[in-house]
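I have placed the structure first, in the form of structure tokens, so that the comments after it can refer back to it.
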Amino acid sequence: MRTLKPGLLETLRITESAVLVMEALVSLCKALTNDSDPRPWHERVDDCFSGVTEEQLKAIFQALVDECEGEQLKRWVERFKNRSYSSFVERILGAATYNRFIDALKQDGAVIALAVRRGVRAFTPFVVAWNDAVEVSSRRQLKDVQPANILTVNAVEVLVALDDFLGEKVIAALPMEVTSAKNADLAALAPEGVDDLVANFRSMVAEASVKRVERVNSPLVRKIRGARDALRFSEDGVSQAANSLIELLDRIMRESFAPAEVLAWVDANLPGGEELTHEVQGQRRPTKRAEALCFVYGGLPIIPREASENDNGKGPDFIHDVIAIALVSIRNQLQKMKHADRGTPEEKSQLLSILAALEGALMLGLAIGGLSPEPEAPDELAAA
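Taking the working numbering, the leading residue of the sequence shown gets 4, the next gets one more, and so forth.
This is the structure in structure tokens:
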């Protein structure tokens with residue numbers, strides 16, 4: 004677009020802000036998907052904007068706000084779908100220049116599409132963890148979560164549908180050979196179905212969860228490994244595993260925040276909140292829900308938010324609330340299994356499902372709570 008004269012761009016109703024956004028987006032996507040660059044992704048992003056002044060950066064951000072506003076995006080989509088507009092552009096530019104212009108747009112689109120698909124796929128472990136955390140909680144436990152209707156959606160199926168749409172409707176129509184796309188980038192994410200995808204990514208979630216727990220409290224990693232060993236080798240493995248996982252949950256929350264710290268956090272952020280404190284031998288103590296909320300918030304304040312149709316703006320936000328509920332639900336279920344060990348295959352299967360939910364909830368909780376940051380960000384938007 005930049006090669007076209009300003010007057011011509013104006014005639015074509017292409018604004019300067021649209022050009023700025025396209026240039027910045029393509030440069031960023033090229034940097035993030037450049038597999039030959041060994042630097043961490045944040046260094047590549049810094050390099051993209053190394054020659055940009057503060058004023059230029061402000062202009063880019065303002066352009067992004069202007070062009071990504073809902074009505075403006077709608078106008079762009081309608082304009083480029085309109086055959087009359089295409090004919091108008093071709094008449095103004097001439098056939099040869101028009102073809103070069105369209106080819107350039109498609110090449111830029113291919114770079115952006117690759118970055119978007121890799122970005123979507125990078126969320127797969129988190130989406131699998133989220134699904135497991137939601138499924139382990141009962142409808143009664145989740146009844147007060149806002150917006151509750153989102154919880155009826157299978158997040159993994161939504162992600163796979165989005166990835167399929169990108170592949171079939173977007174990537175298939177673009178010249179991906181001009182990008183650094185690999186065969187895996189162009190193949191479907193879940194060719195064997197959602198269940199196989201979830202099974203494959205659960206091992207990644209388990210590994211990520213162990214690493215995060217290890218950075219917070221390395222001795223506690225033995226509790227996860229001990230639970231798995233008990234299920235494999237012990238006659239009363241379900242009871243032993245449940246005990247190990249209860250101790251893991253209790254210790255990681257208690258050692259992250261002492262009861263007095265949790266009470267102070269509740270008083271500062273959720274004064275008068277239900278089911279957050281109780282009396283034990285005349286002393287005020289935090290409930291497991293209070294401990295879980297403080298843990299997933301990393302002891303940080305609950306940021307005020309505006310009320311909306313699906314959220315009254317009060318209490319924990321949607322994501323933190325669901326993960327905290329999942330942690331409490333997991334502990335309750337483990338407590339029941341500790342006392343109901345018959346050693347049946349069904350019990351082992353149930354405990355493995357609870358363990359998957361625990362690993363997912365811990366991975367998400369430690370990540371959003373900021374208690375276990377990644378030591379280094381991934382070098383690239385990884386292909387699945």
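Built from N, CA and C at the ideal position, the CB exists for glycine as well.
The model shown is predicted, which means the values in this text are computed figures rather than measured ones.
Secondary structure within the region 33 to 72: the alpha helix (DSSP H) runs of 4 or more consecutive residues, fully enclosed, are 44 to 51 and 57 to 70 (chain order). Apart from sequence neighbours up to five positions away, the residues of its chain that approach V123 with a beta-carbon distance below 8 Å are L162, L165, D166 and L169, ordered along the chain. When DSSP reads this structure, Q286 sits in a beta bridge with V283.
Contact between V48 and A34 holds: their C-beta atoms lie close to 7 Å from each other, under 8 Å.
Going by DSSP, A211 is part of the alpha helix (DSSP H) stretching over V197 to N220. By the criterion of at least three beta-carbon pairs nearer than 8 Å, the region 327 to 336 is not in contact with the region 96 to 116. The closest CA to that of E138, considering only T56, S352, I371 and A329, is found on A329. In this structure, the beta-carbon distance from L358 to A244 falls below 9 Å. The way I'd put it, the region 237 to 254 doesn't touch the region 263 to 279; fewer than three beta-carbon pairs between them come closer than 8 Å. The criterion of a C-beta distance shorter than 9 Å is not satisfied by F236 and F298. In chain order, L154, F321, D324, V325 and I328 place their CB closer than 8 Å to the CB of V148, counting only its own chain and leaving out the 5 sequence neighbours on each side.
The straight-line gap separating the alpha-carbon atoms of V181 and T36 is approximately 12 Å. In this structure, L117 is the residue among A370, R231, A136 and L117 with its C-alpha nearest to the C-alpha of A190. Cβ neighbours of F52 within its own chain (closer than 7 Å, five residues either side excluded): L60. Counting along the chain, no alpha helix (DSSP H) covers K185, and no H or E run does either. Within its own chain, the residues whose Cβ lies closer than 8 Å to the Cβ of S30, once the five positions on either side in sequence are excluded, are C51, listed in chain order. H45 and R143 have their C-alpha atoms some 42 Å from each other. Counting only the Cα atoms, L108 lies some 47 Å from V219. Excluding five sequence positions before and after K341, the CB atoms of its chain that fall closer than 8 Å to its own CB belong to S242, A245, N246 and I249, given in chain order.
Inside the region 339 to 368, DSSP marks no whole alpha helix (DSSP H) run of 4 or more residues. Distance between G316 and P304, taken at the CA atoms: about 14 Å.
When rounded, the separation of the alpha-carbon atoms in S311 and T290 is 29 Å. Rounded to whole angstroms, the Cβ separation of V131 and V156 is 14 Å, and the two are not in contact under 8 Å.
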